[in-house]
Amino acid sequence: MKLLNGHVVTAALMLAIFASMVGMSMQYPPNARMVPLLIGVPGMILCLIQLASELLASYRAIPDTDQAHRVPASELVRELKFFLWFPAFIASVLLLGFTVTTLCLVFVFLRLDQRESMKLSLGLSVGGAVVLYLVFEIVLGLPLYPGFLSNWLLT
Amino acid sequence: MSIDIIFGSLFSIISSPYLMGLILLAIPIGMFFGAIPGLGGKLGIVLMIPFVFGMDMVAGAVFLLAMHSVVHTGGSIPSIIFGIPGTGPDAATIIDGYPLAKQGKAGWALGASLGASGFGGVIGAVVLALMLPVLKPVVLAFSPAEFFLLAILGITFIATLSGDSLVKGLAVGLFGLMLAFVGLDPQTGVARFTFGQLFLWDGIDVITAILALFAIPEMISLGVKGGSISSVSAQAARYSVKEVLLGIGAVWTHRWLALRTSIIGAVVGMIPGLGGDAATWICYGHAVQSSKTPELFGKGAIEGVIAPETANNSKEGGSLLPTLFFGVPGSSGMAILLGAFVMLGIQPGPQMMLTQLDLVWVLIWALVLANVISVFMFVGVARWLGVLSFIRGGLLIPFVFILGIMGSYLSRGAWENLLLLFFMGILGYLLKRFDWPRPPFVIGLVLGGIAEESLHKALNIWGPTFFMRPMSLVFIAIIIGSLVLYVVRRNKQKKGPSGVALSGGPKL
């Protein structure tokens, strides 16, 4: 669809966030809702202006220019890959904890995504895990989160 | 102002092996973040946040400030050797630094940049120190009404200067303010925007929000676009220590220029939101105008390296002033530093002038020491510093993810924060990808609580006419003036090219 692009979607998303927060504010007592409404309503109006401006820009875009500004498919694939890597890191930390994630997922990322050599990937992941353990557990005395799964296995 | 406080603060740092050790540790880390294109000082502060959790307020603040103050010293390395700016404000150094490197004078240019950075950093701290007695009565004259308007002014300034679209900048700033209202309302005790989640009762964690909006999008972006400069020949990074020392000597030769640009940089830094790009380009322009040989600029004039580099470091001292005493960050880097200070328990604002002046002096001295020590440290490792610029961004991505997740988890010890990090990280990437400036968000989030409290206080004291107070009217005039100035400037830009864009800079 010609009108729907990233700029439009982002403006619409911001508008939706403001609108839902303004909607929620209406349910609070007067003193609690005053400032959120004072900020939220102008925010909503600004996002509405931005959305209208983006829609107009999309509508007016000359087809050739539109083609030229289109994001290459390879870049989109890379973006999607990173949108998967990021939650994978979070999920791994939640399940396995920081040390195991640094040891395993950093290695997997460097090998699979960055195509680094086995030696470098292994060195960086092991080195990273050791440094994290030494700095946080030993020097700073901050226990690293062990993860749900590790906790369950250990208990 | 008591001499005891001024020099007692210096003594408390230099007599403490712990604080001195932290400064010594912070300098190479700051240089590292500056020297690798695509990282920069903002990411440096964000990623170092997990490491300051175990520290006390003073130690954490000294470490982060020392690191942040030398980022641009490192940023000149890729600018001079490869013609690639380490960070946005280092771009002006390329114009003469890179031609010097191509002429085989990389060491000389690096030495000049180093000497200028150290000199500028010290002068910036001195300007800040000299401003303290002048500033005290001004800060203390502020009432809750002015503090509310100051928060709005901060967002307006940053919104007008950190991106191409005022509408987007203001919207993001207001979004930051809205998120500051998440949690229990201090006035009524009502849980606002918490979706029944207990971990949100204390509000959105500032550190998680900053990590999500800055570190995560930068890494996704680096991963998508790639960030290697390894194709550049390593030959360019070879130079001798003697050349570096001669370069430092060049700063003495041009000492009056260095002094003028340092002062200009510090003053520009004091203007909230103007940022480093403006300071460096203004000072570069001044160097060209005041030179007897302006025709040499762009071809390898050493003054073209000295002027932007002094400004780059001196503006940090200047921008500490609005950050510490008004809670309005002088630059986007300071916005993140402000968030980190809040996390450490430092509440920026006028009370710093009354109750935490010793801390202010500790920070001023930390700024001076970091800049002076960095000169000696750089000379010691000068021959190997160019190698830093060869580190591939891709190798850092997984570690940034881990440190980001760690920072978010440690700030509250709640795993739910990681979900917040994920959703806000995606939003942060969309904002970056589609040119919505992010610094106004941080200011909104940090100042939101103070703004709301101040507004309630002002309404209780003066009623709805609080904005008719003389000082409030001045603030309203400045807010309107900055918006009008923005519109005029945009119209001028649309009508035709107008030379160097001073406030354009990289999109944040």
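Line order of the protein sequences matches chains A and B.
Per the numbering used here: the first sequence = residues 1 to 155.
Per the numbering used here: the second sequence = residues 1001 to 1508.
Glycine included, each C-beta is placed from N, C-alpha and C at the ideal position.
Quick caveat: nothing in here was measured; it's all calculated off a predicted structure.
Take V1182(B), set aside five residues on each side of it, and the residues of its chain with a beta-carbon closer than 7 Å to its own are R1192, F1193, T1194, L1200, G1203 and I1204, in chain order. DSSP, reduced to helix, strand and coil, places A129(A) within a helical segment of the structure shown. The shortest CA-to-CA distance from I1220(B) to any of L134(A), V35(A), F86(A) and Q27(A) is the one to F86(A). Taken in chain order, the unbroken stretches of alpha helix (DSSP H) that lie wholly in the stretch 1189-1214 of chain B and span 4 residues or more are 1206-1210. Contact between W1436(B) and K1168(B) holds, with the beta-carbon distance rounding to 5 Å and staying under 8 Å.
Residue contact check for E1452(B) against chain A: a CB pair falls below 8 Å. DSSP, read as helix, strand or coil, puts L38(A) in helix. Taking every protein chain shown into account, the CB of L56(A) has fewer than 16 other CB atoms within 10 angstroms, so this residue is exposed. In this chain, the alpha helix (DSSP H) harbouring W1462(B) covers P1439 to W1462.
The three-state reading of DSSP puts L1184(B) in strand, counting E and B together. Residue state for M26(A) is assigned as coil, using DSSP reduced to three classes.
In this structure, S92(A) keeps its C-beta atom at 8 Å or more from the C-beta atom of L110(A).
For A1059(B), the uninterrupted alpha helix (DSSP H) run begins and ends at M1057 to S1069, by DSSP. The alpha-carbon of G1075(B) is positioned some 46 Å away from that of F1466(B). For T101(A), the enclosing alpha helix (DSSP H) stretches over residues A73 to V108. Interface with chain B (8 Å Cβ-Cβ cutoff): N31(A) is included. Not a single C-beta of chain B is nearer than 8 Å to the C-beta of C104(A). In terms of CA proximity to P1440(B), A1171(B) leads the group G1030(B), V1138(B), V1488(B) and A1171(B). The C-beta of G23(A) comes no closer than 8 Å to any C-beta of chain B. With respect to the C-alpha of G1115(B), the residue from W1361(B), V1400(B), V1372(B) and L1395(B) having the closest C-alpha is V1372(B). K1315(B) sits in a helix when the DSSP states are folded into three classes.
G141(A) reaches chain B at G1054, counting residues in chain order whose Cβ is nearer than 7 Å. Contact between L48(A) and L15(A) is confirmed by a C-beta separation of about 6 Å, below the 8 Å threshold. F1148(B) carries a helical assignment under DSSP once its states are collapsed to helix, strand and coil. It is roughly 18 Å from the alpha-carbon of L1257(B) to the alpha-carbon of A1278(B). Residue nearest to A19(A) within the set K1299(B), I1443(B) and F1175(B) is F1175(B) (criterion: CA-CA distance). Along the stretch 1404-1418 of chain B, going in chain order, the ones with a CB nearer than 8 Å to a CB of chain A are I1405, M1406, Y1409, L1410, W1415 and L1418. The straight-line gap separating the alpha-carbon atoms of S1262(B) and V22(A) is approximately 46 Å. 8 Å or more divides the Cβ of A11(A) from the Cβ of E75(A).
Each of P1308(B), L1110(B), E1453(B) and L1324(B) was checked against the Cα of P1186(B), and the nearest Cα belongs to E1453(B). The Cβ of F1181(B) sits closer than 8 Å to at least one Cβ of chain A. Under the three-pair Cβ rule at 8 Å, the stretch 1131-1140 of chain B does not count as touching the stretch 1422-1435 of chain B.
With 16 or more other Cβ atoms from the protein chains shown falling within 10 Å of its own Cβ, M1048(B) counts as buried.
E79(A) belongs to the set of residues whose beta carbon lies under 8 Å from a beta carbon in chain B. Under the Cβ distance rule, V93(A) counts among the residues neighbouring chain B, one pair being separated by less than 8 Å. Contact between the stretch 1328-1343 of chain B and the stretch 1281-1294 of chain B is absent, with fewer than three C-beta pairs closer than 8 Å.
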